[in-house]
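Quick notes on the structure that follows.
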Amino acid sequence: MTPGPGSGPVVVGLWDGHDAGAAVVADGALVFALSEERPMRRKRYSGFPCRSLDAALAYCAAHDLRPTDLALAGGAGRLPLRALEPLYRASSPHRSPLSPASRLVAGWENRIAAVPGLRAAEAAAAAAFVRARLPRELRGLRGHRVDHHDAHAFSALLLPGEGFVVTWD
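Numbers given in our numbering equal positions in the sequence shown, counted from 1, plus 372.
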């Protein structure tokens, strides 16, 4: 898909972890964002944002925006959560970061992040899980992986006005 005449890039952004959602940035401006917890009516929804993505694509269609790029948030270590997404989606969004499952995932992420070749292979495999869930019209788009903290910072920078961005979580 290409943008309409005279328009810039149209990026569809996805996050499929805790607080999942989708967003659309058109020509450098945030034009749509929806957290999956809203249509699912489940606070802190975890997993693939099917309904948010559908709403984002409906917004694009209604405003004659044709996506050119796909941005996928998240760093190294997402493969197990994407591969086991039904279990992850069913888990409690209020799980303790000190729970055994949370510590296991954090340990995996840290080990993967420490080995550059393994990190790249794991990220490619994790992205393949996401691409397989995308509607056909999005599968051929240029893909971009956005670091977790950079995604927070970019979303703040897209808001009008001046400011200072710090991410810490």
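Where is the CB? At the ideal position from N, CA and C, for every residue including glycine.
For clarity, every value in this text was computed on a predicted model and none was experimentally measured.
C-alpha gap between residue i and residue j, whole angstroms
| i | j | result |
| --- | --- | --- |
| S527 | W387 | 12 Å |
| G393 | G400 | 19 Å |
| G479 | L490 | 15 Å |
| G419 | F536 | 30 Å |
| L510 | V487 | 30 Å |
| L444 | L470 | 26 Å |
| N543 | L425 | Shown here, the chain extends from 373 to 541; a query on residue 543 therefore has no answer. |
| V383 | A405 | 12 Å |
| A434 | V396 | 13 Å |
| H330 | R454 | Because the chain is modelled from 373 through 541, residue 330 falls outside the range shown and cannot be assessed. |
| L531 | P452 | 33 Å |
| L402 | A428 | 12 Å |
Where residue i falls, given that 16 or more other Cβ within 10 Å makes a residue buried
| i | result |
| --- | --- |
| P439 | buried |
| P472 | exposed |
| L437 | buried |
| V518 | buried |
| E408 | buried |
Continuous beta strand (DSSP E) stretch holding residue i: start and end
| i | result |
| --- | --- |
| S418 | Note, S418: premise wrong, no beta strand (DSSP E); not H, not E. |
| L442 | D441 to A445 |
Identity of the residues DSSP links to residue i by a beta bridge
| i | result |
| --- | --- |
| L402 | V397 |
| S407 | G393 |
| W387 | G393 |
Inside the segment 467-538 only - beta strand (DSSP E) runs reaching at least 3 residues: 514-518
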